[in-house]
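A short write-up of the structure that comes next.
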Amino acid sequence: MTTERPLADLLGAVAAGDRAALRMVYDRQSVRLFGIANAILRDRDAAADALQDAFLKVSERAGQFDAVRGEASAWLAGITRHAALDIARRRGRELPTDDPALGDTPVEPEALEAVAAGAEGRRLRDCLAALDEKNRRGILLAFVHGLSHAQVAARLGLPLGTVKAWIRRGLLQLRECLA
1 MTTERPLADL LGAVAAGDRA ALRMVYDRQS VRLFGIANAI LRDRDAAADA
51 LQDAFLKVSE RAGQFDAVRG EASAWLAGIT RHAALDIARR RGRELPTDDP
101 ALGDTPVEPE ALEAVAAGAE GRRLRDCLAA LDEKNRRGIL LAFVHGLSHA
151 QVAARLGLPL GTVKAWIRRG LLQLRECLA
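Counting from 1, one number per residue, gives the positions in the sequence shown under the UniProt record's numbering.
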């Protein structure tokens, strides 16, 4: 009778450079993780890319897994989810899953266009135009293009703290302007 090695033990072996352990993790988890990526991206090819990215990260970061902080399967799911979201951001859009449990709610493009065209949209555009260029650019990259603060910093070639400060100041000015 064979017993399967616990996933946490396999991740420890992956951290030590055991490629066979990585293959076992893949064999045991790839179907479930592909399902997570596909639910986010709704594109089988992109989900396969996300799964590959996730397993590259697993091979590089397996040593960061800490069983005290959570289950190995949850850690793997988180890495896969982030890989899928990175792909969605690179595409310039994230497709909602219509699954309220994930916090995704579909928004019709017409509803967004109506808000943008309405008085509130005009006020928002006017307030954005009143911001310093650096604050406006940071806010647009973060909230319109969906980039993380770290990605905005990388794109602009600036320190992360500087970008965070610019975005925060810009948001405070926007809130004041819109009030």
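Glycine included, every Cβ here is placed at the ideal spot set by N, Cα and C.
Secondary structure remark: continuous alpha helix (DSSP H) runs of at least 4 residues inside the region 8 to 89, in chain order: 19 to 41 and 44 to 61.
For G138, the uninterrupted alpha helix (DSSP H) segment begins and ends at E133 to I139. Close CB contacts of A8 within its chain, under the 6 Å cut and outside five residues either way in sequence, are with A67 and A72 (chain order). Using a 10 angstroms sphere on the CB of V31, the tally of other CB atoms stays under 16, which defines it as exposed. Apart from the 5 residues on each side of it in sequence, A153 sits with its Cβ closer than 6 Å to the Cβ of L160 and V163 in its chain, given in chain order. Pairing R137 with L124, the inter-Cα distance amounts to about 14 Å. DSSP, read as helix, strand or coil, puts A179 in coil. Nearest to A50 by alpha-carbon distance, out of Q64, E4, R91 and R122, is R91. Between R81 and I139, the C-beta gap is not smaller than 7 Å, which leaves the two residues out of contact.
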